[in-house]
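Following: one structure in structure tokens, then a few remarks.
Number of protein chains: 2
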Amino acid sequence: MLSLSNLPTPACLIDKVKMQNNIARLSTHIGSLGCRIRPHVKTHKSVEITQAIFEGGNASGITVSTLKEAKHFFAHGYKDVLYAVGIVPSKLEDVAQLLNQGCHLTIILDSVDMATRVVDSASAFGCIFPVMIELDTDGHRSGADPQGQEIINIANVLHQSEHTELKGVMTHAGESYNCFSHEEQRTIARQERDLSILAANRIRQQGIECAEVSIGSTPTAFAIDDLTGITEVRAGVYVLFDLVMAGLQVCKNENIAMSVLASVIGHQQHKDWVITDAGWMAMSRDRGTASHPVDQGYGLVCTVEGKVKADFIIADANQEHGILQHRNGSSETAISSFPLASKLRILPNHACSTAAQYDHFFLVENDTVLAELSTISGW
Amino acid sequence: MLSLSNLPTPACLIDKVKMQNNIARLSTHIGSLGCRIRPHVKTHKSVEITQAIFEGGNASGITVSTLKEAKHFFAHGYKDVLYAVGIVPSKLEDVAQLLNQGCHLTIILDSVDMATRVVDSASAFGCIFPVMIELDTDGHRSGADPQGQEIINIANVLHQSEHTELKGVMTHAGESYNCFSHEEQRTIARQERDLSILAANRIRQQGIECAEVSIGSTPTAFAIDDLTGITEVRAGVYVLFDLVMAGLQVCKNENIAMSVLASVIGHQQHKDWVITDAGWMAMSRDRGTASHPVDQGYGLVCTVEGKVKADFIIADANQEHGILQHRNGSSETAISSFPLASKLRILPNHACSTAAQYDHFFLVENDTVLAELSTISGW
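Just so you know, the protein sequences line up as chains A and B, in that order. With this note's numbering, letter number 39 in the first sequence gets 39, and the count goes up by one each step, no holes. With this note's numbering, letter number 189 in the second sequence gets 189, and the count goes up by one each step, no holes.
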């Protein structure tokens, strides 16, 4: 059996027990509200981790962010797939191929213009495209106004075509990432829920079926207290968590299941810098906590056993070099805490972006490496 | 023959003519100074691009940032390899395997402590490890003081062991990335050169051979005006260039050979936002121009033909969504310039980090796709 000391560095570790606890926490919460989860696999793009989520219960289909993910997960038996990034006609050929192979792949769009383009292109492929209307419930990105005329017009275009099927409405409360308290998150969560139900009902009042009402983000999924009228909740990063989520008080640092194993390759004695072999290539360039009350640099440092050393962060990074420093300077120096050639772990700012830097992860329990987990990248 | 309109989005494009011009520019400059280039392949990790660099002349061996790169390029015929990240003993087994297969792989270190650990471990592998001493000439990262006693002590440790061979000294002028004028860059370049030669001569005065004096960074490689005493110049990003290099005046935007092809997937009319399918996963999280006089957001927008639209940047990004906006607001709106379902190109902040998001690139000339280029990732 491999142990951490056998692994090359840098390496991306997934703590099995923490992951399972994270899965159980959301499954229990959403289950208690009588709803289902459609996990977003973009966080890890790993079939094995997705399998653990499904074993944790209350999961229906999956959410993907690329057609490559859709193809990969369909090839591994996941047939109910929501591609949650706005479609363009040039991608319909790939979508049609999956539909014709038996994958129930739903696409999304947010304008009459795009709906018309999709309907015009769809006839060439001999299949019916399931479509959801993307809503904008908090102004953070894409989506049509739940209270505007556009969604009614989109619904009519999709309803009238024999090549498309309106499945429902969906949104993502991106604004929740700017909410640093549970109360603010709940306010955004209720807004996400209420505006989505409003949009679905407005479409239904036109005599058009709108079966699905899909909402979600990790902060709002935990903050919501009533899911009446909602058919599924999408969330991705909750399975691993990260420093951004901990900064938003959605989890604690101790719940973060992903860490990067690194080696100490140098000391700069006069500056009390510890140089590690986990630079931004290993951590990603994500500085998601830079705007938080506590800036965690390129990551929060732990002992090799996984114990958080709260005073130490990766203060700066080059491609394959991390500069580990004490947060404020202290009598406990970095170089005395992290000897040359020793190993340590680093918690990432953003699990999705760190995961993308790796072509495999190691599933670990304490010091033991249980398995190598697969992941994919690219488009 | 494929054209850009056949490619899926997002896709990473390499402009062949621009790349060849960039290669020729550094090759000519370093050649005119009587020196050789050891290109850093970490930027692209592509054998085909490296081949183009060697065809451009004046290249000796290669520089790598990971042992995976060393193995990959050795398997493709590159035998003279400098692994330019500080070694730890746990990596010596992989290094020894390459040495025993005939790869001339040089490692680096910057302390007596690490030199002693390497010497102690080296005897187990039945080979002689070529080693360079890493110098710190501008305080930006790793390396020993060129004027201090440490380098003399390291040289003695390496010289006295039968398992190591001191090849020379090397440094990287990371400070050049903070120099916004050619004059400042030349000052740092001369400092990089002079301190490296000083260190080599101090070691030679001990009666210890110190053949190689290796320096480099893309800004200093172009800024240096005399390379007497230097045996090789290392540079990586010059082959493609990026917005950080353009911001430092090392190149013009028009010289940037890498761009990301994207599709317009939505419009937010009331905010004049154009939503593209190139988010931070396609561009990387690198915000290298955030500290520059001109902040280019997540990338500078071009027409699909590659013409820079200097007023438009990717102002914000989610994983698979880019938010394209006018830099300051204007009468020329973003949504009128970039119609729904149309394509565009985006110049990256940092070619190294953007390249790492892809498992292949497309070599293009005008609208024509000439070839798919391979690349590797991970460790």
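Glycine included, every Cβ here is placed at the ideal spot set by N, Cα and C.
- A:V169 has a beta carbon lying at 8 Å or more from every beta carbon in chain B.
- Beyond the five residues adjoining it in sequence on each side, A:H104 comes within less than 6 Å, by CB distance, of K79 and D80 in the same chain, given in chain order.
- Per DSSP, B:D316 is one residue of the beta strand (DSSP E) stretching across V308 to A317.
- Against chain A, a Cβ distance below 8 Å from B:E372 picks out nothing, because the smallest value is about 12 Å.
- Of all residues in the region 223–253 of chain A, none has a C-beta nearer than 7 Å to a C-beta of chain B.
- Contacts between B:Q319 and chain A, judged by CB atoms closer than 7 Å, involve K42, S65 and C352 in chain order.
- Sixteen is the threshold: when 16 or more other Cβ atoms of the shown chains lie within 10 Å of the Cβ of B:V85, as they do, the residue is buried.
- In this structure B:K71 is buried. Its beta-carbon is surrounded by 16 or more other beta-carbon atoms within 10 angstroms.
- Closest in alpha carbon position to B:E212, among B:L166, B:H172, B:V17 and B:I49, is B:L166.
- Taking all protein chains shown into account, A:T289 has 16 or more neighbouring C-beta atoms within 10 Å of its C-beta and is therefore buried.
- Chain order gives the chain B residues near A:M281 as A356, where near means a beta carbon separation below 7 Å.
- The region 144–207 of chain B is shown to contain whole alpha helix (DSSP H) runs of 4 or more residues at 150–160 and 182–204, in chain order.
- For A:E150 against A:A173, the beta-carbon gap comes to about 19 Å, at or over 8 Å, which does not count as contact.
- Cβ-Cβ distances below 7 Å link A:Q296 to L243, T289, I313 and N349 in the same chain, with the five nearest sequence neighbours on each side left out; the list follows chain order.
- For A:R345, the enclosing beta strand (DSSP E) stretches over residues K343 to L347.
- In chain order, W379 make up the part of chain A whose C-beta sits under 7 Å from the C-beta of B:P8.
- At a cut-off of 8 Å between beta-carbon atoms, A:L99 makes no contact with chain B.
- A Cβ of chain A is located within less than 8 Å of the beta carbon of B:R117.
- Per DSSP, reduced to three states, the secondary structure at B:G297 is strand.
- The residues T220, A223 and I224, in chain order, have a CB closer than 6 Å to that of B:A189 in the same chain once the five nearest residues on each side in sequence are set aside.
- Distance between A:C210 and B:S291, taken at the CA atoms: about 47 Å.
- Between the beta-carbon of B:H321 and that of A:S142 there is about 6 Å, and that keeps the pair under the 8 Å contact cut.
- With respect to the 8 Å criterion, B:I37 and B:A59 are classified as neighbours on the basis of their beta carbons.
- According to the DSSP secondary-structure assignment, A:H360 is paired through a beta bridge with A:S374.
- Distance from the Cα of A:A317 is smallest, within the candidate group A:I14, A:A355, A:H163 and A:W280, for A:W280.
- Here DSSP, grouped into helix, strand and coil, assigns B:M1 to coil.
- In this structure, DSSP gives A:W280 a helical state, which the three-state scheme calls helix.
- Within 7 Å of the CB of B:S331, no CB atom of chain A is found; the nearest one sits about 22 Å away.
- Measuring C-alpha to C-alpha distances from B:V274 to each of B:N153, B:A334 and B:D15 identifies B:A334 as the nearest.
- Using a 10 angstroms sphere on the CB of B:Q160, the tally of other CB atoms stays under 16, which defines it as exposed.
- Taking C-alpha positions only, B:M283 is separated from A:C12 by approximately 22 Å.
- Neighbours of B:R186 across chain A, judged by C-beta separation under 8 Å, do not exist; the nearest C-beta is about 22 Å away.
- Buried is the label assigned to A:L92, since at least 16 other Cβ atoms lie within 10 Å of its Cβ.
- B:Q268 has B:W273 as its beta-bridge partners, per DSSP.
- Every unbroken stretch of the beta strand (DSSP E) spanning 3 or more residues and falling wholly within the region 83–122 of chain A is given here in chain order: 104–109.
- DSSP lists A:M170 and A:E232 as the beta-bridge partner residues of A:S214.
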